[in-house]
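Residue numbers (this note's numbering): 53 to 192.
What follows is a single structure, written as structure tokens, with notes after it.
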């Protein structure tokens, strides 16, 4: 369990680093665009910002797979997220034998992540965000 706790702490630190990078990129995008945009408005980002996002993420992680944007509703409220998709491997190989990983959401709620094959997702077991299945299938 000590090894699993150390792995979860490491994952949380990596995720926090990615979030900090994403926040910086979003600040840059907002500055270039000149104003915050309405949630449902389509924004075409300049190619140099997209290239910068790819470069920053690629410098932190071995294999960057893609960047997805998702607009959805939670309890009737519109939400938007930007998802960085990348390949990574745990240094501690024993993590792959665990049935689940436990952590915390940003708001402190408990989080349980399990290992699943891509084929395990269907209309009853949704894979989010939209486009993730296609991205993962095209880069395997």
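We put the CB at the ideal spot given by N, CA and C, even for glycine.
Just so you know, these numbers come straight off a predicted model, no measurement behind them.
Item	Value
Beta-carbon spacing of residue 170, residue 187 below 8 angstroms	no
Residues of its chain near residue 118, where Cβ-Cβ distance is below 6 angstroms and the 5 sequence neighbours each way are ignored	137, 187
Same chain, Cβ closer than 8 angstroms to residue 184, neighbours up to 5 away in sequence not counted	120, 135, 137
Rounded separation between residue 166 and residue 156 - CA only	14 angstroms
Sheet register partners of residue 172 (DSSP bridge)	DSSP output for residue 172 lists no bridge partner at all.
Assigned secondary structure, residue 126 (DSSP; H/G/I helix, E/B strand, else coil)	strand
Simplified DSSP state of residue 152, which is helix, strand or coil	strand
Inter-residue Cα distance where the pair is residue 122 and residue 181	6 angstroms
DSSP state of residue 137 mapped onto helix, strand, coil	strand
Beta-carbon proximity list for residue 124, same chain, < 6 angstroms, skipping 5 on both sides	131
Other residues of its chain near residue 173: CB distance less than 6 angstroms, five sequence neighbours each side excluded	179
Cα-Cα separation between residue 144 and residue 175, rounded to whole angstroms	33 angstroms
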